[in-house]
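Visitor: Pasting a structure below so you can have a look.
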């Protein structure tokens, strides 16, 4: 019989699939003997059943009742008992951390009778009891009953006036409870449920339902978390941080999640419950202040933090509560950290002997490395600093100020860079946080919602800029010195220092980019990157080449660690002033004129290739012969037509109009291009091959590879190869001749194609278009956003390779191509060559190299190393 409920004493940290991250780690801390309140976890299997069937699985309610009874016996009190109540929290907990995206309900078990028993437990502290009761109704009303939270907030703010919530007395809070109950009655037509077990049952259902709440769906899509995992539910005996000033709640990190430096990092709030810390309703104090307030709890917390970091061998994120001097651990997890912290922590743990350097490579990602390559503010520029807050998530962000998520999404959709400014963010702000270049809040600290979510997304964030007075209603904020910043004004925020600047601040290359450009490692971060990159390069099997069309691109690719050029697009060499020569080619009336145009192009092409071969210094260079249709190099049809119609055209314009009309196609991407163009225009490919060969003769050590594009049948390749091989032989130049696999037919007939090809390079941009049957130039703006919303795909197939469709074609081509020609060289040169997930696929598929833009080369190198370790782990398992 299926088991759907596990006591904390039954689980462990390796059961995240079943118990979720929170439940698995609560169980692990319980097993370690740490002070964890009693509790139990409802599994994610129960959630998946509920979401699929619309009802909880048979036996779940019985299991929950049995575990609750056991908890009550252990605690010596029952849920909601009038004179001595047990209260519980009901918390979500998915396999992957989704901070603030799903529901939590605290203080379950309170009603008009048990509130007096709670006050008695707290030594007659009526204020604490009524504060806990109002929190329950407010949280339950918003999360379980789906009442607009602003109704409760407005009532609370009206009562507080200019005071803090801690200044409210017992009688005022008792009146607020009645107000809140009235809101529930008005909004639902029913009274707030007084039965404690009914409160708990409804809260569990609300947590299940929150898995598919819009903000949770959006967060999963952003973080690429599978939609079918579901969430576990944790039911935990309540401990109270809002009993008085000898109580409180906090969040701690075993290292700085922003920089990775060791030390004491976290926030603490006296006389508060957990949601007060992350919501930013009151500004926290640094965790170090706890030593002065409660040295015994502080010392115990430090011991526990050391225990957890050594046990998990990583940065740990910890939530805790102190109830009248007694420390309780409410959660731990491997903490989210910035990209810089990820690299620094990984190498620090190596130096401490907690992990190996190989493990360190697997602890960082290509996406994090890419973040470290983002620009930073120019230190030599004059800046007008208007505020300083917490450096919550690093980076340099410049944009127009907006005060709502809706406005951020709107302007970002119009191509504007925006900075989302709020007093504090909440989960409903997720869409705006995703759209914004950076986030700025006047409240909260490094553990606030804004900070945690921004770090997870790699967004620049400054939190707790207390000098700013943010007026959401007036859409402006004020800063010291009578500075007023209105919506639409430009500001710049530095997530590394926490500084806020008026206007636009210029940005420069990051220190990591300077390292890849050749600077010696001279700080902790760059040294950490250097160590990890060196190890990744030692173990990776995949080569990494560049997509580069100019000597400058080629030189940068080499500096960034490129091992050759996997795609040199010759069509880029036909632009600018050379368009005139293409026009002459198109207008040629016979063989003689056509050859004259080709003869004029050939030395220019040769000079281009000489520069690229020289820059690569003996590394292989794969040159793709001209791919796009010729009309792309000619004047626009409409412009020419207007010119001729208005009488402003020259004789050449009129001839060009005839030629452009002749070459015009309804769907040029499926028309006269690639190998077809080379077969239809005599001498075009021959000119390019000669230019390549002549350039190679001039550059000692040059290793040209000639790539024929858009082949769909081996006969096409054979015809071009025969001509190219003859030219190479005549000039005494050795070069590989291969093809791009970018049509589904080429992939499906790869065994035949390999008979005439010495290498394949998968052009996954076109292969994706043709496999899916849509044009990237048209569909991304037209319906991709809707497809992402509907879950048709979790990420654009042009961003990350579609393994099931396009990937299957690649796998077929690899297997059949190598069967026909065992020494067949295999690479990829589409945009996927620099995408981390796609690099792992290329490793698994058996490719020899990936090729990507020069800036993405370090990312591909790192991910190729990580892919090698992932394969080793898989083999071990």
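In the working numbering, the protein residues as written are -8 to 868.
Ideal Cβ placement from N, Cα and C applies to all residues, glycine included.
Everything numeric in this text was worked out from a predicted model, so none of it was measured.
#1: Would you kindly work out how many angstroms separate the C-alpha atoms of residue 51 and residue 60, rounded to a whole number?
#2: Residue 698: buried (16+ other C-beta within 10 angstroms of its C-beta) or exposed?
#3: Assign residue 863 to one of two classes, buried (16 or more other C-beta atoms within 10 Å of its C-beta) or exposed (fewer than that).
#4: So is residue 140 in contact with chain D if we call contact Cβ pairs under 8 Å?
#5: Can you tell which of 454, 680, 581, 207 has the C-alpha that lies nearest to the C-alpha of residue 949?
#6: I'd like to know whether the C-beta atoms of residue 495 and residue 392 end up nearer to each other than 8 Å.
#7: Would you kindly check if the distance between the Cβ of residue 561 and the Cβ of residue 603 is under 8 Å?
#8: Cutting at 7 Å between CB atoms, please list the residues of its own chain near residue 188, excluding the five before and the five after it.
#9: I'd like the span of the beta strand (DSSP E) that includes residue 245, first residue to last.
#10: At the level of alpha carbons, what is the spacing between residue 868 and residue 858?
#11: Are three or more beta carbon pairs between the region 287 to 297 and the region 211 to 227 nearer than 8 Å?
#12: Any heavy atom of the ligand FMN closer than 7 Å to the Cβ of residue 303?
#13: For residue 596, which three-state DSSP category applies?
#14: What ranges does the beta strand (DSSP E) occupy inside the region 409 to 443, keeping only unbroken runs of at least 3 residues that lie completely in it?
#15: Could you check what DSSP says for residue 868 in three-state terms: helix, strand or coil?
#16: With a CB to CB cut of under 7 Å and the five nearest residues on each side skipped, what residues in its chain are close to residue 118?
#17: In terms of residue numbering, what span does the beta strand (DSSP E) encompassing residue 611 cover?
#18: Considering only residues of the same chain and omitting the five flanking positions on each side of residue 803, which have a CB-CB separation below 8 Å?
#19: Over what stretch of residues does the beta strand (DSSP E) that includes residue 674 continue unbroken?
#20: Do residue 454 and residue 487 come within 8 Å of each other at the CB atom, strictly closer than that value?
#21: If you compare alpha carbons, which of 382, 847, 778 is closest to residue 436?
#22: Given residue 707, which residues of its chain have a CB within under 8 Å of its CB, disregarding the five upstream and five downstream residues?
#23: Please report how far the alpha carbon of residue 95 lies from the alpha carbon of residue 319, in whole angstroms.
#24: Using the beta-carbon count (16 or more within 10 Å), is residue 638 buried or exposed?
#25: Would you list the residues sitting across from residue 696 in a DSSP beta bridge?
#26: Excluding the 5 residues flanking residue 231 on each side, which residues of the same chain have their C-beta closer than 6 Å to its C-beta?
#27: Whose CA, out of 731, 735, 758, lies closest to the CA of residue 748?
#28: DSSP on residue 202, reduced to helix/strand/coil?
#29: For residue -8, I'd like the list of residues in its chain whose CB is within less than 8 Å of its CB, leaving aside the five on either flank, ordered along the chain.
#30: How long is the line joining the alpha carbons of residue 198 and residue 659, rounded to whole angstroms?
#31: May I ask you to report which of helix, strand or coil DSSP gives residue 193?
#32: Can you tell me where the alpha helix (DSSP H) holding residue 131 begins and where it ends?
#33: Assuming residue 106 and residue 193 are in contact, meaning their beta carbons sit under 8 Å apart, how far apart are those beta carbons, in whole angstroms?
#34: Residues bridged to residue 840 by DSSP?
#35: Spatial neighbours of residue 599 within its chain, please: CB distance less than 7 Å, with the 5 preceding and 5 following residues excluded, ordered by chain position.
#36: How about residue 378 and residue 442: are their beta carbons less than 8 Å apart?
Guide: This is what the structure gives:
#1: In the chain shown, residue 51 corresponds to position 60, counting from 1. In the chain shown, residue 60 corresponds to position 69, counting from 1. So the alpha carbons of these two residues sit roughly 14 Å apart.
#2: As a working note, residue 698 is residue 707 in the chain shown. Label assigned to residue 698: buried.
#3: One-based indexing of the chain shown puts residue 863 at position 872. With fewer than 16 other Cβ atoms inside 10 Å of its own Cβ, residue 863 counts as exposed.
#4: The structure shown has no chain D; it contains just one protein chain.
#5: No information on residue 949 is available, as it lies outside the stretch -8 to 868 that the chain covers here.
#6: Here the question's residue 495 lines up with position 504 in the chain shown. Here the question's residue 392 lines up with position 401 in the chain shown. With contacts defined as CB atoms closer than 8 Å, residue 495 and residue 392 fail to qualify as a contacting pair.
#7: Within the chain shown, residue 603 is the residue found at index 612, counting from 1. Within the chain shown, residue 561 is the residue found at index 570, counting from 1. Result no, Cβ atoms of residue 603 and residue 561 do not sit closer than 8 Å.
#8: On the chain shown, residue 188 is found 197 positions in, with the first residue counted as 1. For residue 188, where only same-chain residues beyond five positions count, the Cβ hits under 7 Å are 70.
#9: Residue numbering aside, residue 245 sits at position 254 when the chain shown is read from its first letter. Here the beta strand (DSSP E) through residue 245 covers 239 to 246.
#10: Here residue 868 is taken as the residue at index 877 of the chain shown, counted from 1. Here residue 858 is taken as the residue at index 867 of the chain shown, counted from 1. Low confidence applies here, because residue 868 scores a pLDDT of 41, under 50, leaving its location unreliable; read the following figure in that light. Our two residues, residue 868 and residue 858, have alpha carbons roughly 15 Å apart in a direct line.
#11: Between the region 287 to 297 and the region 211 to 227, the count of Cβ pairs shorter than 8 Å is below three; the stretches do not touch.
#12: Ligands in the displayed structure: none, and consequently the ligand FMN is not present.
#13: Reading the chain shown from its first residue, position 605 is the one you call residue 596. Residue 596 carries a helical assignment under DSSP once its states are collapsed to helix, strand and coil.
#14: Those beta strand (DSSP E) runs which fall completely within the region 409 to 443 and span 3+ residues are 409 to 413, 429 to 432.
#15: Here the question's residue 868 lines up with position 877 in the chain shown. Confidence at residue 868 is low in this model, with a pLDDT of 41, below 50, so its placement is unreliable and no value can be given for it.
#16: As a working mapping, residue 118 is identified with position 127 in the chain shown. Close CB contacts of residue 118 within its chain, under the 7 Å cut and outside five residues either way in sequence, are with 160, 161, 164 (chain order).
#17: Here residue 611 corresponds to residue number 620 of the chain shown, with the count starting at 1. Start and end: 611 to 615.
#18: Here residue 803 is taken as the residue at index 812 of the chain shown, counted from 1. Correct list, in chain order: 738, 739, 741.
#19: Translated into the one-based positions of the chain shown, residue 674 becomes position 683. Premise fails: residue 674 is in no beta strand (DSSP E) and is neither H nor E.
#20: Position 496 of the chain shown holds residue 487. Position 463 of the chain shown holds residue 454. Result no, Cβ atoms of residue 487 and residue 454 do not sit closer than 8 Å.
#21: As a first step, residue 436 is located in the chain shown; it is residue number 445 there, counting from the start. Each of 382, 847, 778 was checked against the Cα of residue 436, and the nearest Cα belongs to 382.
#22: Taking the first residue of the chain shown as position 1, residue 707 is located at position 716. Answer for residue 707: 666, 667, 670, 699, listed in chain order.
#23: Along the chain shown, read from residue 1 onward, the residue named residue 95 stands at position 104. Along the chain shown, read from residue 1 onward, the residue named residue 319 stands at position 328. About 18 Å.
#24: Within the chain shown, the letter at position 647 stands for residue 638. By the 10 Å Cβ count, residue 638 comes out exposed.
#25: Looking up residue 696 in the chain shown gives position 705. 613, 727, per the DSSP bridge assignment.
#26: Along the chain shown, read from residue 1 onward, the residue named residue 231 stands at position 240. Apart from the 5 residues on each side of it in sequence, residue 231 sits with its Cβ closer than 6 Å to the Cβ of 314 in its chain, given in chain order.
#27: Locating residue 748 in the chain shown gives position 757, counting from the first residue. When only C-alpha atoms are compared, the closest one is 731.
#28: Working through the chain shown from its first residue, we reach residue 202 at position 211. Correct three-state label for residue 202: coil.
#29: Taking the chain shown and counting its residues from 1, one reaches residue -8 at position 1. Taken in chain order, the residues that qualify are 50.
#30: For the purposes of this step, residue 198 is taken as residue 207 along the chain shown, with counting starting at 1. For the purposes of this step, residue 659 is taken as residue 668 along the chain shown, with counting starting at 1. Their Cα atoms are separated by approximately 52 Å.
#31: Walking along the chain shown from the start, residue 193 turns up at place 202. Here DSSP, grouped into helix, strand and coil, assigns residue 193 to helix.
#32: Mapped onto the chain shown, residue 131 falls at position 140. 117 to 134 is the span of the alpha helix (DSSP H), which, as asked, contains residue 131.
#33: Here the question's residue 106 lines up with position 115 in the chain shown. Here the question's residue 193 lines up with position 202 in the chain shown. Wrong, their Cβ atoms sit about 19 Å apart, outside the cutoff.
#34: Stepping through the chain shown from its first residue, residue 840 is reached at position 849. Per the DSSP secondary-structure output, residue 840 pairs in a beta bridge with 534, 818.
#35: Counting from one through the chain shown, the residue named residue 599 turns up at place 608. So the list reads 564, once near-sequence residues are dropped.
#36: Here the question's residue 378 lines up with position 387 in the chain shown. Here the question's residue 442 lines up with position 451 in the chain shown. Cβ distance not < 8 Å, so residue 378 and residue 442 don't count as in contact.
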